[in-house]
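2 protein chains.
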Amino acid sequence: MSTADANLPTRDRLIAAMLDALRRRGYYGIGLNELLASAGAPKGVLYHHFPGGKAELAVAAVQVAIDGMLAGLDKLLARHANPADALEAWMGGAQKLLLASEFERGCPLATIALESAREDAAIREALAAGFAAIRERLSAAMLRHGVSDAIANQLATLVVSAYEGALLQARVAGRLDPMHETSAALVSLIRAHTRPSS
Amino acid sequence: MSTADANLPTRDRLIAAMLDALRRRGYYGIGLNELLASAGAPKGVLYHHFPGGKAELAVAAVQVAIDGMLAGLDKLLARHANPADALEAWMGGAQKLLLASEFERGCPLATIALESAREDAAIREALAAGFAAIRERLSAAMLRHGVSDAIANQLATLVVSAYEGALLQARVAGRLDPMHETSAALVSLIRAHTRPSS
DNA sequence: TGGACTCTAGACCGACTGGTCTATAGAGTT
DNA sequence: AACTCTATAGACCAGTCGGTCTAGAGTCCA
Chain Y
19 MSTADANLPT RDRLIAAMLD ALRRRGYYGI GLNELLASAG APKGVLYHHF PGGKAELAVA
79 AVQVAIDGML AGLDKLLARH ANPADALEAW MGGAQKLLLA SEFERGCPLA TIALESARED
139 AAIREALAAG FAAIRERLSA AMLRHGVSDA IANQLATLVV SAYEGALLQA RVAGRLDPMH
199 ETSAALVSLI RAHTRPSS
Chain D
19 MSTADANLPT RDRLIAAMLD ALRRRGYYGI GLNELLASAG APKGVLYHHF PGGKAELAVA
79 AVQVAIDGML AGLDKLLARH ANPADALEAW MGGAQKLLLA SEFERGCPLA TIALESARED
139 AAIREALAAG FAAIRERLSA AMLRHGVSDA IANQLATLVV SAYEGALLQA RVAGRLDPMH
199 ETSAALVSLI RAHTRPSS
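Protein sequence lines correspond, in order, to chains Y and D. Quick note on my numbering: the first sequence kicks off at 19 and runs consecutively. Quick note on my numbering: the second sequence kicks off at 19 and runs consecutively.
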């Protein structure tokens with residue numbers, strides 16, 4: 019039942035398997051045995067690389083997901099002159115991924131964010147810092163394009179909110195429409211607030 | 019460990035307990051025993067009222083949650099002249115609930131939406147129909163206030179997306195700021211698109 | 001050749017999972 | 001009082017959960 023790239027080091031295969039599980043079913047939705055099967059790894063290996071077990075693996079996976087999103091976002095913001103264009107590309111990428119997985123793979127951060135409780139401090143902190151960093155990137159980009167500080171903050175938070183909510187709606191609907199409409203509304207809003215170029 | 023209102027009929031206590039569990043930890047995050055304990059009900063009673071077990075109870079809970087949201091939304095849209103004001107009140111209510119539960123109780127629909135897979139057809143359908151109905155209400159309200167059909171649809175979807183995403187961000191952050199900022203951005207956007215009153 | 005160390009491997013464990021089953025309490029009807 | 005039907009109650013079950021533990025494979029250095 020090994021689905022992960024067998025060439026990856028074991029530790030990375032574990033993280034990849036956890037990421038996939040978080041996208042599809044959430045932290046509590048997958049069992050350790052199923053997860054290890056899809057990583058093609060026996061049990062001992064998990065506790066060798068992650069002494070803290072499932073929870074520690076989840077934290078590592080969340081960290082990887084955040085790093086990936088930040089890197090992707092930075093690349094798009096660097097490539098596109100206007101933040102609105104970068105946003106459009108960002109949403110487009112998410113749509114492609116969702117469609118390619120037949121509406122099964124959403125955002126790995128969202129599931130565990132909603133499942134986590136106050137006592138899961140490590141996960142909550144990683145998630146909070148991650149979302150804050152993403153908002154920060156978006157806000158800074160808009161600041162650079164003439165948006166006032168207060169408005170840039172509002173818009174950045176709105177963008178992240180809408181991104182997660184649109185993925186959620188599209189997933190249950192089994193159609194991309196919610197993402198299309200959210201993206202369109204968001205892009206024209208950002209475009210209206212930023213200077214034509216830079 | 020019974021937390022639910024003991025005066026409620028057993029069936030309603032079960033639904034209430036499931037709703038609370040969905041808000042806090044999600045469908046897979048709570049066990050049947052814990053759920054029954056918090057409902058103050060023995061096992062047999064669950065399978066008497068819901069022969070389909072946990073899954074059927076979850077569908078019923080989702081249905082109740084959707085009905086509740088629609089009723090609340092209708093009331094707000096009827097009470098406020100402008101959809102922007104209704105939206106502001108709606109977001110404000112969600113903020114109050116989240117804060118009162120110390121950032122533990124979010125939206126019960128979001129968790130199970132992200133945990134559900136394609137084969138959970140009953141839940142997916144209930145959720146998809148529910149979100150569509152909410153979008154429909156919002157869209158209709160904006161149409162009545164002079165927004166064009168296409169834009170009203172976009173804005174309604176954006177509002178639902180942002181609502182869910184803002185709750186998610188506020189939950190992990192342990193602060194209301196993400197909701198405040200999302201709400202502010204959304205309200206001023208809607209206000210700009212609607213006629214001053216009606 | 002023989003440690004020393006990292007990593008892989010999976011048998012095994014108690015606790016708990018969702019679910020079934022039988023017993024019975026109570027209300028309504030005759 | 002006897003019968004019926006709905007609802008409550010919890011013992012019980014096989015399967016799975018996350019986690020521990022011991023054994024061995026592979027690699028590097030002496």
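Yeah, the Cβ is synthetic: ideal placement off N, Cα and C, and Gly gets one too.
Chain D partners of residue i, CB-CB under 9 Å?
i            : result
residue 46/Y : 43, 44, 45, 46, 47, 48 and 133
Thinking C-beta only, is residue j closer than 8 Å to residue i?
i             : j             : result
residue 49/D  : residue 129/D : no
residue 204/D : residue 188/D : no
residue 176/Y : residue 199/D : yes
residue 190/D : residue 149/Y : yes
residue 155/Y : residue 92/Y  : yes
residue 28/D  : residue 102/D : no
residue 88/Y  : residue 147/Y : no
residue 160/D : residue 168/D : no
residue 153/D : residue 174/D : yes
residue 202/Y : residue 172/D : yes
residue 207/D : residue 116/Y : no
residue 182/D : residue 182/Y : yes
residue 132/Y : residue 132/D : yes
Using a beta-carbon distance below 8 Å, is residue i in contact with chain D?
i             : result
residue 122/Y : yes
residue 207/Y : yes
residue 51/Y  : no
residue 30/Y  : no
residue 190/Y : yes
residue 173/Y : yes
residue 106/Y : no
residue 154/Y : no
residue 129/Y : yes
residue 97/Y  : no
residue 54/Y  : no
residue 161/Y : no
residue 196/Y : yes
residue 4/Y   : Chain Y is shown only over 19 to 216; residue 4/Y falls outside these bounds and no answer can be derived.
residue 216/Y : In this prediction, residue 216/Y scores a pLDDT of 42, lower than 50, which makes its location untrustworthy; the coordinate-derived value is nonetheless stated afterwards. For residue 216/Y, the answer is no, since every Cβ of chain D falls outside 8 Å of its Cβ.
Who are the near neighbours of residue i in its chain, counting only those whose CB is closer than 6 Å to its CB and skipping five residues on each side?
i             : result
residue 41/D  : 123, 124 and 126
residue 57/D  : 22, 31, 32 and 35
residue 197/D : 113, 184 and 188
residue 24/D  : none
I'd like to know whether the C-beta of residue i is nearer than 8 Å to at least one C-beta of chain Y.
i             : result
residue 176/D : yes
residue 100/D : no
residue 212/D : no
residue 112/D : no
residue 204/D : yes
residue 137/D : no
Once you ignore the five residues that flank residue i on each side, which residues in its own chain have a CB closer than 7 Å to its CB?
i            : result
residue 98/Y : 104 and 107
residue 53/D : 35, 36 and 39
Please go through the same chain and pick out, in chain order, the residues whose beta-carbon is closer than 8 Å to the beta-carbon of residue i, but skip the five residues on each side of it.
i             : result
residue 82/D  : 33 and 37
residue 76/D  : 36, 40, 45, 130 and 141
residue 134/D : 45, 141, 142 and 145
residue 216/Y : Confidence in residue 216/Y is poor, its pLDDT being 42 and thus under 50, which makes the residue's placement too unreliable to answer from.
residue 90/D  : 108 and 111
Strictly below 7 Å CB to CB, what residues from chain Y border residue i?
i             : result
residue 180/D : 176, 179, 180 and 183
What residues of chain D sit near residue i, judged by a beta carbon separation below 7 Å?
i             : result
residue 83/Y  : By Cβ distance, chain D contributes nothing, its closest Cβ being about 13 Å from residue 83/Y, past 7 Å.
residue 186/Y : 128, 131, 132 and 182
residue 115/Y : Result: empty, since nearest Cβ-Cβ is about 15 Å, beyond 7 Å.
residue 170/Y : By Cβ distance, chain D contributes nothing, its closest Cβ being about 10 Å from residue 170/Y, past 7 Å.
List, in order along the chain, the chain Y residues whose C-beta lies closer than 8 Å to that of residue i?
i             : result
residue 146/D : 190, 191 and 192
Once DSSP output is grouped into helix, strand and coil, what is the label at residue i?
i             : result
residue 194/Y : coil
residue 201/Y : helix
residue 179/Y : helix
residue 149/D : helix
residue 45/Y  : coil
residue 129/Y : helix
residue 142/D : helix
residue 52/Y  : helix
residue 74/Y  : helix
residue 98/D  : coil
residue 124/Y : coil
residue 162/D : coil
residue 186/D : helix
residue 90/D  : helix
residue 212/D : coil
residue 157/D : helix
Mind pulling the chain Y residues with CB within less than 9 Å of residue i?
i             : result
residue 149/D : 186, 187, 190, 191 and 196
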